[in-house]
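Input: a single structure, listed below in structure tokens.
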Amino acid sequence: MIEAEWWDYDDADEMADAVAGDIGFIIESALDARGEALIAVPGGRTPLPIYQRLAKAKLNWKKVTIIPTDDRLVPLSDDRSNVRAIAQAFLPTGARVFPITSDIDDYKLAGNSANAKLNELKFPLDLAWLGVGGDGHTASIFDGPDLDEALNAPKGRHAIGVMPDPMPSDVPVARVTLTRSAILSARTVLITVTGDAKKALLEGAIADGQSSKLPIGRVLAEAEQPIDIHWSA
Ligand code: 6PG
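In my numbering, the protein residues as written are 1406 to 1638.
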């Protein structure tokens, strides 16, 4: 049974203030405990105001490594690149922003390359921060031929390549993504979503758990820790 703790907000700004504060505390706790922090942050639109607020936090950023939970197989110069938005927000803080994409067109090889890069980092993550798509994907764990690999990758297989099927109409490109194993081994798993539709989708996925038809439900079904969910109208 997935244990979800919900925090509701009247608007995105209120959620951004609260979530930036929570993530700042998670980073500070990791720095106090281990002298460094490793966090994974989502792409998309919802996190952007949170990035901006979090980047203002007074932290020892040079000891913080930030990776995308997933990225699109596009050049870093492409504004669809997740690590591009993360770098714009966090490089000025002195944090290390760690891209997981490479200029390999073959998405399976790109997944292997991402995994090799991530093996240079000291997992587990201190934070796996996720968004949820309107189709129930999270990170770039989508429905399609790569879903089982993303869900059943063994510990240590941090990333894989993904060709979403069906391909999202807004960003129709192959991806690399953290696996369920990499996400759920995080010390904290935090989700941010906006709007009634996604709240209902997520509530349903949590209720259905392993039998969920949605990737987010299948990912969370194996969670052993409570999931922090922040939702704004
Ligand atoms: C991506 C994201 C993706 C995102 C959801 C929600 O690369 O698109 O990592 O998983 O979190 O699609 O996106 P919004 O926050 O824009 O709704």
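Here a beta-carbon is modelled for each residue, glycine too, at the ideal position from N, C-alpha and C. Fair warning: this is a prediction, and the values are worked out from it, not measured in the lab.
Q) What beta strand (DSSP E) runs, 3 residues minimum, are completely inside the segment 1521–1598? A) 1532–1535, 1564–1567, 1580–1583
Q) What is the DSSP secondary structure of Pro1454, counted as helix, strand or coil? A) In the sequence shown, the residue the question calls residue 1454 occupies position 49. Helix.
**Q.** Helix, strand or coil at Ala1417 according to DSSP, with G and I counted as helix
**A.** Within the sequence shown, numbered from 1, the residue matching residue 1417 stands at position 12. Helix at Ala1417.
Q) Closer than 7 Å: is that where the CB of Ser1545 sits relative to any heavy atom of ligand 1? A) The residue labelled residue 1545 in the question sits at position 140 within the sequence shown. Yes; taking the cut-off as 7 Å, the Cβ of Ser1545 has a heavy atom of ligand 1 nearer than that.
Q. Within 7 Å: the Cβ of Gly1609 and any heavy atom of ligand 1?
A. In the sequence shown, residue 1609 corresponds to position 204, counting from 1. Because no heavy atom of ligand 1 lies under 7 Å away, the Cβ of Gly1609 does not count as near it: no.
(Q) For ligand 1, I want to know if Gly1516 counts as a neighbour, meaning its beta carbon is within less than 7 Å of at least one of the ligand's heavy atoms. (A) As a working note, residue 1516 is residue 111 in the sequence shown. For ligand 1, not one heavy atom lies less than 7 Å from the Cβ of Gly1516.
Q. Which of helix, strand or coil does DSSP assign to Pro1646?
A. This structure cannot settle anything about residue 1646, because the visible part of the chain is limited to 1406 through 1638.
Q.
My output table needs one value for Thr1498: the three-state DSSP class, helix, strand or coil.
A. Residue numbering aside, residue 1498 sits at position 93 when the sequence shown is read from its first letter. Reduced to three states, the DSSP call for Thr1498 is helix.
Q. Leaving out the 5 sequence neighbours to the left and right, which residues in its chain are closer than 6 Å to Arg1678 when beta-carbon positions are compared?
A. With the chain covering 1406 to 1638 only, the question about residue 1678 has no answer from this structure.
**Q.** Test: Ile1455 CB closer than 8 Å to a CB of chain D
**A.** This model lacks chain D altogether; it includes just one protein chain.
Q.
Rounded to whole angstroms, what is the Cα-Cα separation between Leu1619 and Ile1611?
A. As a first step, residue 1619 is located in the sequence shown; it is residue number 214 there, counting from the start. As a first step, residue 1611 is located in the sequence shown; it is residue number 206 there, counting from the start. Rounded to whole angstroms, Leu1619 to Ile1611 spans 10 Å at the Cα level.
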